[in-house]
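Counting in this note's numbering, the first sequence runs from 48 upward without gaps.
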Amino acid sequence: MIDKLIDLISGAVKDYTGAESVPPFTIAVSAGESHGDFSTGVAFNLAGALQQAPYDIASEIAQRLRPHTDLIDRIDVARPGHINFFMSDAFWQRGLRYILERQSDYGKNDTGRGKSALIEFVSANPTGPIHVGHGRGAVIGDVLSRIMAASGYSVTREYYVNDAGNQVLSLGYSVLNEYYRINDIDRTASMPGEYQGRYIHSISRTLDAVLPPAEINEENIRSITEFSVKSILGDERRALPDSNIKQVLQKFNIAFDTWFSEKRLYMDGSISGVIGELEKRRAVKYDDGATWFLSTLYGDEKDRVLRKQSGEFTYFASDIAYHVDKYRRGYDVLINIWGADHHGYLPRLRAALRALGYDADRLAVMFVQMVRLMRGDRPVAMSKRAGEYVTLEELIDEVGTDAVRFFFLQRSHGSQLVFDIDLAKRQSQENPVYYVQYAHARIASIFGYALTKGWDIDKVDLQTGYAFHNQEKRLLAHCLIYPEVIKDIVVKREPHRLPYYLMELVGVLHRYYTDTRVVGDDRTTGQRLLLMKMVKIVLKNALDMLGIGAPEKM
RNA sequence: GUGCCUGUAGCUCAGUUGGAUAGAGCAACAGCCUUCUAAGCUGUGGGUCGCGCGUUCGAAUCGCGCCAGGCACACCA
């Protein structure tokens with residue numbers, strides 16, 4: 048419906064400018080009644096190019112819109128150049144019907160039709176439980192995936208498993224040493240292992256599931272390491288009950304399509320392959336017994352090691368191979384969601400991709416800023432090595448999946464966020480998410496009551512000739528703008544806009560509920576029930592996008 | 001030192017391809033349930049949009065310079 052309005056405006060703009068294309072502009076629900084139902088600032092966007100006052104441009108556009116008035120009652124031009132639309136009852140009727148007919152499809156669009164997208168997120172090292180910071184990236188990636196899928200993209204959600212290299216080896220040693228300790232075996236492995244915590248203890252206690260006690264020693268460190276990784280990921284049958292990653296993500300309402308193993312890149316020769324390719328392209332040097340990528344030739348500030356003196360590949364080398372693999376799989380859109388602490392890493396990855404002849408601009412990286420955990424006034428020390436940190440699982444067990452997701456989504460990913468655990472726990476019943484969910488439950492409750500009065504929401508028909516009052520137009524306007532919000536989130540890659548949209552919509556709903564009786568007067572009950580149904584559809588669809596429940600009862 | 005992110009109400013944060021009186025939640029205060037869920041609604045107080053200069057008809061938004069906080073600057077991942 049709003050796209051009709053957008054088309055009308057675009058037509059009028061073309062009519063006036065004589066140009067083929069129209070600069071991007073937005074339609075917004077107006078700030079107040081005097082500003083009409085919807086507004087656009089398209090004249091401001093044109094002012095620069097046309098070298099005219101926005102107000103004059105707006106007037107010209109409005110003139111050319113006036114003939115198309117079956118959907119619009121009145122068009123106002125307001126200084127300094129806003130165009131305000133007062134919509135007709137016919138528009139509202141058609142809008143209501145439009146949403147009711149589409150139901151769970153309402154809000155979907157086809158801007159990504161025919162395009163595929165790979166979204167890589169979380170990718171936490173399988174050396175310990177995932178923590179709160181991972182949770183933030185997890186929700187942002189998940190919601191972006193949902194919204195892009197609803198926009199027609201064929202979306203693949205991928206988790207890159209760093210199951211190779213020194214850190215997982217260190218995990219294996221940590222487990223082995225713990226095994227020695229709890230069994231009073233007087234041996235020390237050649238490496239101490241840097242991980243501690245309850246989960247190390249738990250894994251060591253189940254080691255005998257893979258190896259007979261006599262073989263639990265350093266000679267089998269590879270098996271021990273592999274078992275430890277599987278336990279943490281959740282791939283082992285006897286996976287940790289208290290911290291396996293897949294289980295926690297499931298609890299957090301997040302699912303992945305693919306789990307990409309770094310180890311695989313070692314096994315199948317991909318890493319040597321890309322290094323060979325870089326050599327061919329003369330982007331490699333040998334120095335100090337190591338193999339270097341000449342990344343300075345491609346915009347990085349210093350050259351980077353691909354293969355260490357020891358003969359091992361660096362993480363960077365395998366990561367190049369991983370991203371080459373992504374490109375070869377042929378996605379139209381590649382999105383990585385990384386912790387902000389990795390931002391300095393991007394230039395070298397882009398350099399490598401460019402050196403290999405790939406279009407590095409096709410890879411978009413969203414940097415999610417840190418979560419600072421507080422307990423009241425006290426910052427919570429986050430020491431992964433010491434095993435002293437709040438896991439994502441602990442947080443969602445105490446605060447609830449819906450609330451944690453909503454809280455993480457309310458902030459733009461570029462801002463650090465302070466998460467006060469005490470506050471989140473204490474306010475678990477007054478969290479903003481309940482404000483939104485309550486609206487959904489309230490509407491469900493109205494329908495229940497209506498049924499007792501003989502109104503079955505599934506059997507109410509749309510009437511023509513019902514004149515919506517102002518608050519109802521506000522409800523309609525907010526519901527009708529929803530598809531634009533979804534499109535906007537995809538374009539800007541800013542999922543946090545959706546919670547804000549919901550807060551606004553729900554505010555209008557709660558006020559309407561307080562002021563207007565839905566079930567009562569025979570002349571109005573039917574239409575008002577349909578309005579409630581419309582809002583419920585939008586709430587449900589938007590909450591689905593957020594991966595948050597839409598309860599019928601609270 | 002260099003690069004990236006951030007600085008908006010007491011707190012946590014929206015708002016930045018420049019535009020209508022700068023917003024929300026929480027916290028504070030005062031009201032609203034014989035009527036569809038009060039997890040709600042209404043009202044009040046609360047702001048030098050870090051500071052300065054500049055560009056502009058117009059700046060929280062753009063440019064430059066400061067100040068403050070976070071993160072990153074490995075043959076770790």
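A virtual CB, placed ideally from N, CA and C, is assigned to each residue, including glycine. Quick caveat, the model's predicted, so the values are computed rather than measured.
Rounded to the nearest angstrom, what separates residue i and residue j at their Cα positions?
i, j, result
"D282", "F274", "9 Å"
"N267", "P176", "24 Å"
"R228", "A236", "11 Å"
"L577", "L523", "11 Å"
"P71", "L545", "21 Å"
"Y207", "F303", "10 Å"
"S317", "G180", "31 Å"
"L593", "R193", "8 Å"
"L287", "G423", "31 Å"
"D50", "K349", "49 Å"
"E441", "V415", "21 Å"
"D103", "D535", "28 Å"
"I322", "P239", "32 Å"
"I493", "V565", "8 Å"
"L191", "D591", "12 Å"
"I166", "A514", "46 Å"
"S151", "T253", "46 Å"
"T64", "Y529", "29 Å"
"T448", "L420", "17 Å"
"D469", "D255", "40 Å"
"T338", "R328", "14 Å"
"S217", "H248", "15 Å"
"S170", "R425", "29 Å"
"V215", "S319", "21 Å"
"R575", "L143", "11 Å"
"V480", "T343", "48 Å"
"L147", "M581", "6 Å"
"K277", "I382", "26 Å"
"Y436", "W306", "25 Å"
"S357", "V418", "36 Å"
Here's the rule: buried if 16 or more other CB atoms are within 10 angstroms of the residue's CB, otherwise exposed. What is residue i?
i, result
"M413", "buried"
"G161", "exposed"
"K500", "exposed"
"P101", "buried"
"H525", "buried"
"H390", "exposed"
"K520", "buried"
"V538", "exposed"
"R473", "exposed"
"Q140", "buried"
"P259", "exposed"
"D648", "Because the chain in this structure spans residues 48 to 601, residue 648 falls outside the shown range and cannot be described."
"D210", "buried"
"L223", "buried"
"E359", "exposed"
Let's see if you can read the secondary structure: which residues bound the beta strand (DSSP E) around residue i?
i, result
"R351", "R351 to R354"
"E167", "S163 to E167"
"I130", "H129 to M134"
In the DSSP assignment, find the alpha helix (DSSP H) that holds residue i and state where it starts and stops.
i, result
"G573", "D569 to L593"
"A125", "Here A125 belongs to no alpha helix (DSSP H); instead the beta strand (DSSP E) covers I119 to A125."
"A364", "Y362 to R375"
"M601", "No alpha helix (DSSP H) contains M601, which DSSP labels as neither H nor E."
"M195", "V179 to A197"
"I504", "It is not in any alpha helix (DSSP H) - I504 carries neither H nor E in the DSSP assignment."
Sort out for me which residues DSSP pairs residue i with in a bridge.
i, result
"G611", "No answer is possible for residue 611: it lies beyond the span of the chain, which begins at 48 and ends at 601."
"Y206", "W306"
"R425", "R422"
"F466", "L420"
"D535", "None; D535 has no bridge partner."
"K332", "W339"
"H525", "For H525, which the question treats as bridged, DSSP gives no partner whatsoever."
"L410", "L381"
"A75", "S86"
"H516", "Beta-bridge pairing links H516 to no other residue."
"S201", "S163"
"T235", "According to DSSP, which records beta bridges pairwise, T235 is partnered with nothing at all."
"T438", "H178"
Segment contact, 8 Å Cβ cut-off, at least three pairs: the segment 371–382 with the segment 398–417:
yes
Per the contact definition of three or more C-beta pairs closer than 8 Å, is the segment 568–577 in contact with the segment 449–469?
The segment 449–469 vs the segment 568–577: no contact.
Counting pairs of beta carbons, one from the segment 544–563 and one from the segment 106–113, are three or more of them closer than 8 Å?
Output reads no: the segment 106–113 does not touch the segment 544–563.
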